[in-house]
Amino acid sequence: MKKDFILPDIGEGIVECEVIEWKVKEGDIIVEDQIIVDVSTDKAIVEIPSMYNGRVTKLYYAEGDIAKVHQPLFALEVEGTESIGDEKTAAPETLVEVAVATSLDTESEVSATSEAMIASASADLSFTSKVLTTPAVRKMAREHELDLSSINGSGKQGRVLKEDVLGFLSNGRGSNEDRGASDNSVSNAQLIKTTAEDRVEPIRGVRKIMAERMSAAVSTIPHFTYVDEMDVTALMEIRQTLKDTYATDSLKITLMPLFIKALSLAIKQFPIINSHPNADFTELTYVASHNIGMAVDGKTGLLVPNIKNVQDLSLLDIATEVTRLTQAARSGKINPQELSGGTITISNIGAIGGTAATPIINKPEVAIVALGKIQTLPRFDEQGNLVPRKIMTVSWSGDHRVIDGGTIARFNNVWMGYLKSPTTMLAAMI
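Numbering (my numbering), first residue to last: 279 to 708.
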């Protein structure tokens, strides 16, 4: 029986998405739960699985096209003759597995269960027999006239990575060898010229979404920046105590849970910092939940998962969420709900380097803070003695329509007060 597969409702009011990569081609045999295509929404890159066993008869979109929700995505000939309902029935939302790609050039995970199902479905299944790689790598191979099947892939399931192609070229085994020429026919100068050619890639997926949102934030929000320095010597000591006591292989105790909890405690005194203006700036909503986001740096762009209801969580609860969300974002699988609903954001740019920054507000939030790197610097104590202290610069950006410099300065003083003397958080958490 022939059937159209309808692009399901992905949620969050999304009505269209970009087709990133087809995992199958017309004529391929597919099985239930096999990933058919990656699409990109304004939240994430989503893997669309099949609901049925069968054979693909038509792909309605090419890679790079914009597909509409509730419209046919591909057609297939379904196995069996039993009634399967109306041909325009949409796939249930619960069948959509969400995956935020950390990089379109890096290897993607394929579950062992899916591999077993695919392998047992048909020995001729082209999904398992073709060279596994990404569109960017295929493009590179075409530019250098390389046969991908002649390159040993170092990724999982033998996936050919960009590094594998570059290594193949650097060894002088490029297109000339494929045409039967000797290795000596490619001089070093020619090889360098070949590998130094410009490369053009479309801006799409997470990187495109980030660009659009940052542009909208800068153009509509009047930013102002406030910078201060914080002594985190005592904070690092208590973090070490927590680490020695509670850290495990699966639970990382960093400074971030302490920053987040202290931020929530300070918000209780300054609820305007946790507010959202509406689109036409006629209303201001004081959000009851402290959904504190943390910027995670990925190869395709910036992701900001947020920890929900921090005001109700303990330090260990927050540490567990920080570990889980960070690993999820970097591994490539995270729920879109964990990327939405944030009320304020922390960007730990100091983990990479730099002492100060001018962060851009994550709209519709009204404030964001960037943490600089921790430095050991000389400071005078109360007796006038020069002593080494652990110093961090914090850089705030605020929405000047909602908060002014005095408000952010007073709020920052409360937040830093908890962090300079971490034991004071105990009384505030009772």
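For each residue, glycine too, the CB sits at the ideal point set by N, CA and C.
Report the option in V297, H501, A544, H554 whose CA atom is closest to the CA atom of G619. In the sequence shown, residue 619 corresponds to position 341, counting from 1. Among V297, H501, A544, H554, the Cα nearest to that of G619 belongs to H554.
What are the boundary residues of the beta strand (DSSP E) that D282 is part of? As a working note, residue 282 is residue 4 in the sequence shown. Here the beta strand (DSSP E) through D282 covers 280-284.
Quick one: Cα of N587 to Cα of F658, how far? One-based indexing of the sequence shown puts residue 587 at position 309. One-based indexing of the sequence shown puts residue 658 at position 380. For N587 and F658, the distance between alpha carbons rounds to 39 angstroms.
Give me the residue from L591, S592, E616, D595 with the minimum Cα distance to L603. To locate residue 603, count along the sequence shown from 1; it is residue 325. Residue E616 is the option with its Cα nearest to L603.
Let me know if V378 comes out buried or exposed under the rule of 16 or more other beta-carbons within 10 Å of its beta-carbon. For the purposes of this step, residue 378 is taken as residue 100 along the sequence shown, with counting starting at 1. Its pLDDT being 36, under 50, V378 is placed unreliably by the model, and the measurement read from it follows with that caveat. Classification of V378: buried, given that the 10 Å Cβ count is 16 or more.
On the three-pair Cβ rule with 8 angstroms, is the segment 558-565 touching the segment 653-671? A contact is defined here as three or more CB-CB pairs under 8 angstroms, and the segment 558-565 fails this definition with respect to the segment 653-671.
Tell me the rounded alpha-carbon separation between L581 and D575. Start at 1 with the first residue of the sequence shown, and residue 581 comes out as number 303. Start at 1 with the first residue of the sequence shown, and residue 575 comes out as number 297. Their backbone Cα atoms lie some 7 angstroms apart in a straight line.
Counted within 10 angstroms of its Cβ, other Cβ atoms place L664 as buried (16 or more) or exposed: Reading the sequence shown from its first residue, position 386 is the one you call residue 664. So L664 counts as exposed.
Under 8 angstroms between the Cβ atoms of I550 and N569? Residue mapping note: residue 550 aligns to position 272 of the sequence shown, counting from 1. Residue mapping note: residue 569 aligns to position 291 of the sequence shown, counting from 1. No Cβ-Cβ contact shorter than 8 angstroms links I550 with N569.
Tell me which residue opens and which closes the alpha helix (DSSP H) that V443 is part of. The residue labelled residue 443 in the question sits at position 165 within the sequence shown. 440-448 is the extent of the alpha helix (DSSP H) around V443.
If you measure between the beta carbons of H348 and P500, is that distance less than 8 angstroms? Here residue 348 corresponds to residue number 70 of the sequence shown, with the count starting at 1. Here residue 500 corresponds to residue number 222 of the sequence shown, with the count starting at 1. No, they are not a contact pair.
Three-state class that DSSP yields for V378 in the structure shown: The residue labelled residue 378 in the question sits at position 100 within the sequence shown. In this prediction, V378 scores a pLDDT of 36, lower than 50, which makes its location untrustworthy; the coordinate-derived value is nonetheless stated afterwards. V378 carries a coil assignment under DSSP once its states are collapsed to helix, strand and coil.
What does the alpha-carbon distance come out to for the pair A525 and W693? Working through the sequence shown from its first residue, we reach residue 525 at position 247. Working through the sequence shown from its first residue, we reach residue 693 at position 415. A direct Cα-to-Cα measurement between A525 and W693 gives close to 25 angstroms.
Have a look at V334, E294, D306, E299 and flag the residue whose alpha-carbon is nearest the alpha-carbon of K281. In the sequence shown, the residue the question calls residue 281 occupies position 3. It is V334 whose Cα lies nearest to the Cα of K281.
Measure the C-alpha to C-alpha separation of W674 and A607 and round it to an integer number of angstroms. The residue labelled residue 674 in the question sits at position 396 within the sequence shown. The residue labelled residue 607 in the question sits at position 329 within the sequence shown. The alpha-carbon atoms of W674 and A607 are separated by roughly 24 angstroms.
N430: buried (16+ other C-beta within 10 angstroms of its C-beta) or exposed? For the purposes of this step, residue 430 is taken as the residue at position 152 of the sequence shown. Answer is exposed; the Cβ neighbour count stays below 16.
Local Cβ density within 10 Å of M670, reported as buried at 16 or more and exposed below that: The count along the sequence shown starts at 1 and reaches residue 670 at position 392. Here M670 is buried, its C-beta having at least 16 other C-beta atoms within 10 Å.
Residues that DSSP places opposite D506 in a beta bridge: As a position in the sequence shown, residue 506 is number 228, starting the count at 1. Listed as beta-bridge partners of D506 by DSSP are V672.
Closest to L337 by CA distance: which of E304, I624, I313 is it? In the sequence shown, counting from the first residue as 1, residue 337 sits at position 59. Here the closest residue by C-alpha is E304.
Whole angstroms is fine: what's the gap from E341's alpha carbon to R482's? The count along the sequence shown starts at 1 and reaches residue 341 at position 63. The count along the sequence shown starts at 1 and reaches residue 482 at position 204. Rounded to the nearest whole angstrom, the CA to CA distance from E341 to R482 is 12 angstroms.
With H, G and I counted as helix, E and B as strand and the rest as coil, what does DSSP make of F658? Walking along the sequence shown from the start, residue 658 turns up at place 380. Reduced to three states, the DSSP call for F658 is strand.
Return the CA-CA distance between D509 and T532, expressed in angstroms with no decimal places. The residue you call residue 509 lines up with position 231 of the sequence shown. The residue you call residue 532 lines up with position 254 of the sequence shown. So the two alpha carbons sit approximately 17 angstroms from each other.
Sorted by chain position, which residues of the same chain lie with C-beta nearer than 8 angstroms to T511's C-beta, five sequence neighbours on each side aside? Locating residue 511 in the sequence shown gives position 233, counting from the first residue. Taken in chain order, the residues that qualify are R667, K668.
Nearest by alpha-carbon distance to I639: which of L697, F502, T702, D425 is it? Along the sequence shown, one-based indexing puts residue 639 at 361. The residue with the shortest Cα to Cα distance from I639 is F502.
CA nearest to the CA of T621, picked from V565, L593, I307: In the sequence shown, residue 621 corresponds to position 343, counting from 1. Looking from the CA of T621, the closest CA among V565, L593, I307 belongs to V565.
Sheet register partners of T623 (DSSP bridge): Your numbering for residue 623 matches position 345 in the sequence shown. Answer by DSSP bridge pairing, in chain order: G571, I646.
Chain D contact for A340 (CB, 8 angstroms cutoff): Annotation note: the requested chain D is absent from the structure, which comprises a single protein chain.
Whole-number beta carbon distance between I313 and N331, since they are thought to touch under 8 angstroms: What you label residue 331 is simply residue 53 of the sequence shown in a count that begins at 1. What you label residue 313 is simply residue 35 of the sequence shown in a count that begins at 1. Not really, about 14 angstroms apart at Cβ, beyond 8 angstroms.
Please state whether the Cβ-Cβ distance between Y504 and A634 is less than 8 angstroms. Within the sequence shown, residue 504 is the residue found at index 226, counting from 1. Within the sequence shown, residue 634 is the residue found at index 356, counting from 1. Going by C-beta atoms, Y504 is not nearer than 8 angstroms to A634.
Note down the Cα distance separating V324 from W300, rounded to an integer number of angstroms. Taking the sequence shown and counting its residues from 1, the one referred to as residue 324 is at position 46. Taking the sequence shown and counting its residues from 1, the one referred to as residue 300 is at position 22. C-alpha separation (whole angstroms): 12 angstroms.
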